[in-house]
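As structure tokens, the structure follows; a few thoughts come after it.
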Amino acid sequence: MLVDGDRAPTLDLLWRAFLRLDLPRRVRGQALQTEIDRLAAGRGDGTGGGGQGGDHAARLAGVVLPPAVEADAGPAAGLLRLVLCWAAAATGCVQGAAGNIAATYGDGRLLCLLVREYLGEAVLPRSEIYEVPPALLASTGAEDPQQQAWALSCREDAAARQYRAGVQSNFDRVALAMEALGGSGALLSGEDVVEHGADDRSVLLALCGMCSRLLEASREERGAMTIQRLWRRRAAAPRQGPGAARAHLHAWIAAASRVQAAYRRHVFLSGLEAARRDRAARLEAATRLQALWRGRAARLALHATRAAAVTLQALWHGRQARRQVLEEKLLPRLLAGVAVRRAELAEARTARRQELAAAAMQTAWRASHGRRAFLKARRAAPVLQAHVRGWLERARLARRRSAAILIQAAARGWAVRRHEQTKARAAQIIQAHWRQHRLQARDAENYRRLREAAVLLQRRWRAVKAARLAAAHAAATRIQRMWRGSVGRRAFLAWRGAAEMLQRHWRGHHARRRLATEKGAALAVQAAWRGWRARRERARLHAAALAVQRVWRGHAARRQLRLDAAAIFVQRHARGFLARRAHHRRRGAAVTIQRAFRAHLEAARAASVAAMKAQMEALARAMQDYSRRAAAARRLQAGWRGCLERRHLAAVAAQEAAERARRAAREAAARATIAPWASVFLARIRFLKLRRAVVLAQRAWRSEYARRCAASIVIQAQARAWLGVRALRRRRAAALRLQAAWRGGRVRQTHPQKRRLAEARGRLRVATEAAHLLTPSQRTTLASRTATALSSLAAVPFPEVACGAWETLARCTAASNACAQTCYDAALPIVMAVLRSGTKAGSNVQPEAIRHAVMCLAHMGRNRSCLDAMLATDEVLLLLAALLQRNRDKEELFLALVSTIRAFLPTPAHALNASRRPAFVATVEGVGRMLALKAQNHMATLNKLERAKGSDVSARQATKALVTANRQLLALNRVLSLLGLPAAGAGPQSANHPQDPMHGPPAGSPGVLQRLGKNTIVRGVLQALNH
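Position 394 of the sequence shown, counting from 1, maps to 394 under the UniProt record's numbering, and the rest follow consecutively.
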């Protein structure tokens, strides 16, 4: 498929699509680099030393892309350079180091070497690869590969024909190899290279496709070729003597051992890889949880922003609608109530000021009351503190006697509090979920109400605008129709005289030129017939030679096959006899050896299986130990913290014991004096120790409790965030499904195609019921309807106004060839008269009558005899061309005329006959030029409206006119192509204006939508026309 019939835009489109979509999927950089290293290492070993291999690697480092290709490729330039390095390493040719890719790969030889490197000599022998002689390329006198290819494609000597055949053969062999591998179609063909020359981008496309397929098949194909090579070597080797069976058995045993070892290694590596994937999955899950937690604020902000945007949009749409209603309907009534509203506003402002003053007074009173209460509480605080401190001292003195009871009570209280906290947390979770559910339900209800209100306002406002637009469009269409009719009639009267004079001179010139053309055409037909007959004879002789060769080769192959089968039969029985005799002789020894060897293999296998099982069990135990150790580490950390606290307490107690020992000597002297107070002093010391220990224990417990509370809060928050995100995703997915289903239902209900189908079904149902109600005598046939219509046309004085009769004739001739023949025999003069009336200025012929008459003429042309009789003169084609020129502003009639002309050219012979009629050809070409100019003018108008921000009505009219002209031009270009003439609008200006929609796809296609700019109104008109 070519874009605009040009090779360069097609190649550019394929290149960009390949870079963006197909290159990352086809070419894997790491795998390709590994393959390049393997090829470079193999080529270095194969050349006899590392020096040459290093030189080859250095030459590969110099491979570069052409500057234009590298600039166009962008980030994909690295992958393309790797593909070039791979091709150079596989073929051993780095002639493209200077960036001249087309000169290196243009003849297809290196592509054949690539296929041979990976698929072997059997697929593509070296002797079948064509290599271009340098002298042949030098004889062209050009340096550019494309110029050389063009020069050789234009020459007709034996060397040039051999060059074209050789290049075609190279590319055909590459294409066959790629098809055998299951690849896509060839992107670079021999015909294209021979005719246009190679291109850097097309060569790179072909190399990338070959790289992906050859690397995928390389492993399996290389293994198969290795096995085939070893088998051929073994088959070609001489037969071995005694002991060959034992050596063969040992070789198979060694191969089985290697296979078992490889399989065990594969199983072990698979287990390790599974463990790594499991660990990676856990890390990824933890990372995703962290990312979800970090993104919670961003998502909340996004949701809030989105809700605010939707609310603002709804408010703005509502404000616009209210403003429109206010300006058109409510403004007079609002002006009448302005005075009343001003008085109400004044009263409202007064009431507002009073409310603000009352609020200020209340605020001042509350502040004063709060300050008095605070001062009173602060004065009472010292008294309360003294009482509380006394009470605390008394409580501490009382707790000195029952420390154990207090510790037990604290433990029981902690257990109770933990239970209560658990219930409180559960209640908080339930409350949070319930509040979230209520909030979401309320938000959903508010959103639904706002959306329904916005949709209702939008629908009513769009209905009003559509009605206004339809009225304006109808008025403009009527004005344009009247003005164009007046201008067309004046122009036709002016052109008619000039056309008559031109026709007189042209007919004389045409008669002379037709004689010369017929003479040249006769010579050309004779030469073509003789050439075809010679080619047919040569093809017949060639096919006969091929048949003889095929029979002889089959006979020789079958004879050789019979000889081979007989030899194989004799060899099979001889080998069987010798093998059985050797087997009987060595049977006892072989059984003993096999028993010992099998025992050894079984022991080795059991040992390897036990070792593998032990390794897998050790790996499983390691994973279980890891989880147990993690839990044990947490418990050890808690125990170690408690141990540290206890050590600290023991150190404090030791310090106090040392202090007591130092003081014992001093206290001995004073003991007699303070003996009465000793018991009190000792009791106080014990109380202080116990109090210090209790304070330390409480501090440690509070810190541990705070840490656990913080951890539980974090876990709960993360769990709530995850649950909220999951619920939000589910609700969003459900909402999207509901919206899609609802919109799809609305579209299906309001689609114009559905309405048209419903109307058509209704008409068919009514017609069917009416037909069933008719009696057999009332039912008419096609022949009777045709006769009735012909009688009506013969009875009226002006057949051109009998639209009903013409419509009946068109339907009958379309349904039956017999009716078409009858119409040709009886009504051809009437049809020609109506068509001639349609070409006259000021005639009152209805367009519908002309369209039906043209359809009758096309249906008559289905009969070849009628068609030849009508084309015997120039009148029919000239009438159709004149009607085509006169009705070029009426799209439906114009397309019907073009279809009729195409029906009159069913074969190349009819098209050639029509192309020899200069008046018809000149008229059709003139219509094509006028339509091309019209389309250009509409396109310029549309671009001007887009730049100047013109009105919507003008944009719609220009778009519809452009689409109409484009459709007419496309239909007319098909007729011109049948006549062998260039397409209208496809001259030199098409290359300077590639964005012209006349030379692109049909109107309404994605290409035209993109080329018509970013105007929403234009795209809407095109989509409506497509529907």
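All C-beta atoms in this analysis are idealised placements derived from N, C-alpha and C, irrespective of residue type, glycine included.
For Ile830 against Pro799, the beta-carbon gap comes to about 5 Å, under 8 Å, which counts as contact. Per DSSP, reduced to three states, the secondary structure at Gly141 is coil, with no helix or strand assignment. Residue environment: Gly106 is assigned as buried (16 or more neighbouring CB atoms within 10 Å of its CB, all protein chains considered). The same chain holds no residue with a CB closer than 6 Å to that of Arg538 once the five nearest residues on each side in sequence are set aside.
The DSSP assignment places no complete run of the alpha helix (DSSP H) inside the stretch 413-440 (cut-off: 4 residues).
A Cβ-Cβ contact shorter than 8 Å links Val834 with Ala853. Look at the beta carbons and you see the stretch 965-975 touching the stretch 922-940: at least three pairs across the two are nearer than 8 Å. Nearest neighbour of Leu895 by Cα position, chosen from Glu500, Leu523 and Asn973, turns out to be Asn973. In this model, Leu871 and Gln957 are separated by some 40 Å (Cα to Cα). In this structure Gly861 touches Phe904 by the C-beta definition: roughly 5 Å separates them, less than 8 Å. Distance from the CA of Gln526 to the CA of Arg512, rounded to the nearest whole angstrom, comes to 22 Å. A Cβ-Cβ distance of about 6 Å is found for the pair Val167 and Val193, placing them in contact under the 8 Å criterion. A direct Cα-to-Cα measurement between Ala618 and Arg629 gives close to 15 Å. Between the stretch 432-440 and the stretch 920-931 there are fewer than three C-beta pairs closer than 8 Å, too few to call the two in contact. Our two residues, Trp701 and Cys643, have alpha carbons roughly 13 Å apart in a direct line. Annotation: the continuous alpha helix (DSSP H) that includes Pro24 extends over Leu23 to Arg26. In this structure, the alpha-carbon of Arg929 lies about 11 Å from that of Pro982. Excluding its 5 nearest sequence neighbours in each direction, Leu110 has C-beta neighbours in its own chain below 8 Å: Ala87, Thr91, Cys93 and Thr104, listed in chain order. Scanning Ala638, Arg947, Asn913 and Glu121 for the CA closest to the CA of Ala521 turns up Asn913. Around the Cβ of Met623, a 10 Å sphere holds fewer than 16 other Cβ atoms; the residue is exposed.
Within its own chain, the residues whose Cβ lies closer than 8 Å to the Cβ of Ala476, once the five positions on either side in sequence are excluded, are Val953 and Gln957, listed in chain order. The stretch 878-918 contains, as complete alpha helix (DSSP H) runs of 4+ residues, the segments 891-903 and 908-915 (chain order). Per DSSP, Glu131 is not a residue of any alpha helix (DSSP H), being assigned neither H nor E. Rounded to whole angstroms, the separation of the alpha carbons of Arg635 and Ala683 is 38 Å. In this structure Leu962 is buried. Its beta-carbon is surrounded by 16 or more other beta-carbon atoms within 10 angstroms. With respect to Ala102, Asp172 sits apart: the two C-beta atoms are not nearer than 8 Å. Annotation: the continuous alpha helix (DSSP H) that includes Asp172 extends over Ala158 to Ala180.
The alpha-carbon separation between His509 and Glu500 amounts to approximately 14 Å. DSSP places Ser816 in the coil class of the three-state scheme, outside both helix and strand. In this structure Gly318 touches Leu457 by the C-beta definition: roughly 6 Å separates them, less than 8 Å.
For the pair Gly78 and Val174, the CB atoms are not nearer than the 8 Å cut-off. Runs of the alpha helix (DSSP H) spanning 4 or more residues and lying entirely within the stretch 295-326 occur at 296-325, in chain order. Residue range Ala77 to Thr91 is occupied by the alpha helix (DSSP H) that includes Gly78. In this structure, Cys866 keeps its C-beta atom at 8 Å or more from the C-beta atom of Leu809. Cys208 has its alpha-carbon roughly 11 Å from the corresponding atom of Arg201. Taking C-alpha positions only, Val464 is separated from Ala454 by approximately 16 Å.
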